[in-house]
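Asks: Residue numbers (the numbering used here): 220 to 592.
Built from N, CA and C at the ideal position, the CB exists for glycine as well.
Here it is, the structure in full.
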Ligand SMILES: C[S@@+](CC[C@H](N)C(=O)[O-])C[C@H]1O[C@@H](n2cnc3c(N)ncnc32)[C@H](O)[C@@H]1O
């Protein structure tokens with residue numbers, strides 16, 4: 220039996236251990252690598268870093284801790300999956316009530332889920348964020364101890380991203396792809412009360428939590444729907460902003476390309492697509508550490524996203540004004556800070572060409588003419 224007190228004590232222990240791993244152990248490895256690489260570090264690739272670090276005791280320990288602290292968080296004796304499994308009789312009825320009553324929620328329990336999604340226990344979350352009714356609660360609780368922020372809260376990240384978007388535009392129709400339990404959507408419906416906001420996700424258990432949070436603050440300008448980002452079902456030109464936070468790195472290259480195509484379809488000409496995800500890796504050391512993180516944390520599509528030529532992909536789908544910039548996940552943590560482990564937060568922004576629809580129509584007309592002739 221795990222009591223709330225022992226659960227929280229276990230989570231606090233994990234967070235403290237992760238803080239040491241993030242700051243002290245990571246910095247130790249970085250110095251060890253730089254001392255050996257010397258002036259050659261600037262010309263190194265991932266294989267060069269691996270040749271120096273991979274067999275060292277310190278790196279092995281770093282890697283072991285990375286995998287097993289996360290595993291303990293979910294599956295250990297004081298893990299979240301066990302806790303919510305045992306608490307299901309008390310935590311699920313209020314969520315079932317939200318599902319019955321909320322006008323903000325539109326679930327489609329028969330929505331087919333892609334195999335790349337169901338085939339991986341993402342983040343080492345047993346059964347992923349979708350397969351169990353308590354999965355949303357497990358994920359929501361786990362997000363509080365995922366990244367030990369150096370002095371600030373993780374919620375800061377989503378708010379600051381929304382503020383950045385607000386400096387570029389005042390959106391009126393917003394689509395948040397892969398909204399999860401609504402953490403990325405909430406700052407949008409709060410910051411833009413005049414806008415109509417749609418949040419979509421594959422996970423019913425997460426969407427119930429998102430709707431409950433929106434109900435609790437009396438939000439009226441938001442709807443959460445169970446839909447696939449590759450095929451959202453919205454009419455062409457429905458939005459002036461399509462956004463996502465931490466969706467793209469959970470998507471393999473082929474569906475990623477389809478999501479970009481779908482975003483272009485549902486955006487009005489001149490509309491913007493602004494994503495927050497993991498992409499910008501300025502040197503081989505960080506790249507090596509990040510690729511290892513993807514393997515150790517069951518996030519197999521992280522490396523492909525880091526390697527894809529996003530400029531090319533976005534241009535292929537009629538986007539222009541493409542910018543790809545590092546993003547600081549916390550106030551006071553500069554984007555160039557190198558002495559602590561950090562995910563490569565990146566803002567990927569692009570505008571749908573005002574001419575994109577007419578060009579697509581011209582291409583389609585030309586294709587059907589050549590098919591007839
Ligand atoms: C890492 S979570 C991020 C959630 C939220 N955006 C946030 O910032 O907290 C990624 C979310 O994307 C969802 N997802 C993955 N593939 C999807 C797809 N093809 N369509 C819709 N949602 C998807 C997952 O179910 C998960 O909730």
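1) Where does residue 493 fall in DSSP's three states?
2) Entirely within the segment 360 to 445 and at least 4 residues each: give me those alpha helix (DSSP H) ranges in chain order.
3) Quick check on residue 564: buried or exposed, where buried means 16 or more other Cβ atoms within 10 Å of its Cβ?
4) Can you tell which of 314, 380 and 320 has its C-alpha closest to the C-alpha of residue 351?
5) Can you give me the C-alpha to C-alpha distance between residue 276 and residue 248, rounded to a whole angstrom?
6) Following a CB-centred definition, is residue 475 positioned closer than 7 Å to any heavy atom of ligand 1?
7) Spatial neighbours of residue 391 within its chain, please: CB distance less than 6 Å, with the 5 preceding and 5 following residues excluded, ordered by chain position.
8) Please list the terminal residues of the continuous beta strand (DSSP E) segment that includes residue 341.
9) Got a sec: does ligand 1 put a non-hydrogen atom nearer than 7 Å to the Cβ of residue 396?
10) Once you ignore the five residues that flank residue 233 on each side, which residues in its own chain have a CB closer than 7 Å to its CB?
11) What residues in its chain sit with their C-beta under 8 Å from that of residue 335, if we drop five residues either side in the sequence?
12) Could you give the DSSP three-state label for residue 556: helix, strand or coil?
13) Entirely within the segment 505 to 558 and at least 3 residues each: give me those beta strand (DSSP E) ranges in chain order.
14) Tell me which residue opens and which closes the beta strand (DSSP E) that residue 564 is part of.
15) Closer than 8 Å by C-beta to residue 349: which residues in its own chain qualify, once you throw out the five before and the five after it? Chain order, please.
16) So, using beta-carbon positions, are residue 342 and residue 299 closer together than 8 Å?
17) Quick check on DSSP: helix, strand or coil for residue 309?
18) Check whether the segment 474 to 484 touches the segment 504 to 511, counting contact only when three or more Cβ pairs, one atom from each stretch, lie closer than 8 Å.
19) Return the first residue and the last residue of the alpha helix (DSSP H) that residue 294 is part of.
20) Please report the Cβ distance between residue 416 and residue 395, rounded to the nearest whole angstrom; I am assuming they are in contact, meaning their Cβ atoms lie under 8 Å.
21) Does DSSP put residue 268 in a helix, a strand or coil?
22) Residue 451 and residue 419 - do their beta-carbons sit closer together than 8 Å?
23) Compute the Euclidean distance between the alpha carbons of residue 240 and residue 296, then round it to the nearest angstrom.
24) Drop a sphere of 10 angstroms on the beta-carbon of residue 231, count the other beta-carbons inside from all chains shown, and report buried for 16 or more, exposed for fewer.
25) Taking DSSP as the reference, what is the three-state secondary structure of residue 488?
26) Along the chain, where does the alpha helix (DSSP H) that runs through residue 225 open and close?
27) Exposed or buried, residue 223, counting other C-beta atoms within 10 Å across all chains shown (16 or more means buried)?
28) Who are residue 447's beta bridge partners in DSSP?
29) Regarding residue 420 and ligand 1, is the C-beta to nearest heavy atom distance less than 7 Å?
30) Within 10 Å of its beta-carbon, does residue 225 have 16 or more other beta-carbons around it, so buried, or fewer, so exposed?
31) Sorry if obvious, but does the Cβ on residue 402 come closer than 7 Å to a heavy atom of ligand 1?
32) Out of curiosity, what's the CA-to-CA distance linking residue 318 and residue 329?
33) Taking 7 Å as the cut-off, is the beta-carbon of residue 492 closer than that to any non-hydrogen atom of ligand 1?
34) Are there 16 or more other CB atoms within 10 angstroms of the CB of residue 560, so buried, or fewer, so exposed?
35) Please classify residue 304: does DSSP put it in a helix, a strand, or coil?
Replies: According to the data block:
1) Here residue 493 sits in strand by DSSP.
2) Here the runs fully enclosed are 374 to 387, 405 to 410 and 423 to 435.
3) Flag for residue 564 reads buried.
4) With distances taken between Cα atoms, residue 351 lies closest to 314.
5) Answer to the nearest angstrom: the Cα atoms are 10 Å apart.
6) Residue 475: no, Cβ never under 7 Å from ligand 1.
7) Excluding positions up to five away in sequence, the list reads 414 and 459.
8) In the DSSP assignment, residue 341 falls outside any beta strand (DSSP E) and carries neither an H nor an E.
9) Checking every heavy atom of ligand 1 against the Cβ of residue 396, one is found closer than 7 Å.
10) These residues qualify, in order along the chain: 288, 291, 292 and 364.
11) Around residue 335: 470, 471, 474 and 520.
12) Here residue 556 sits in coil by DSSP.
13) Counting only runs of 3 or more, we get 538 to 545.
14) Where residue 564 is concerned, the enclosing beta strand (DSSP E) stretches over 564 to 571.
15) Around residue 349, the same chain offers 332, 336, 337, 421, 422, 423, 424 and 425 as residues with beta carbons nearer than 8 Å, after the five sequence neighbours per side are excluded.
16) Taking a C-beta distance under 8 Å as the contact criterion, residue 342 and residue 299 do not qualify as a contact pair.
17) DSSP, read as helix, strand or coil, puts residue 309 in helix.
18) Three or more Cβ pairs closer than 8 Å define a contact, and the segment 474 to 484 falls short of that threshold against the segment 504 to 511.
19) It spans 276 to 294 - the alpha helix (DSSP H) in which residue 294 sits, taken as one unbroken run.
20) That belief holds up - the Cβ atoms of residue 416 and residue 395 are roughly 7 Å apart, short of 8 Å.
21) DSSP places residue 268 in helix when its eight states are reduced to three.
22) Cβ atoms of residue 419 and residue 451: closer than 8 Å.
23) So the two alpha carbons sit approximately 21 Å from each other.
24) The residue in question, residue 231, is exposed, as its Cβ has fewer than 16 Cβ neighbours within 10 Å.
25) Reduced to three states, the DSSP call for residue 488 is strand.
26) Its alpha helix (DSSP H) spans residues 223 to 239.
27) Burial call: exposed.
28) Under DSSP, residue 447 forms a beta bridge with 450.
29) Within the cutoff, so yes.
30) Residue 225 is exposed by the Cβ-count criterion.
31) True, at least one ligand heavy atom lies under 7 Å from that Cβ.
32) Rounded to whole angstroms, residue 318 to residue 329 spans 15 Å at the Cα level.
33) Outside the cutoff, so no.
34) Residue 560 should be labelled buried.
35) Helix, per DSSP.
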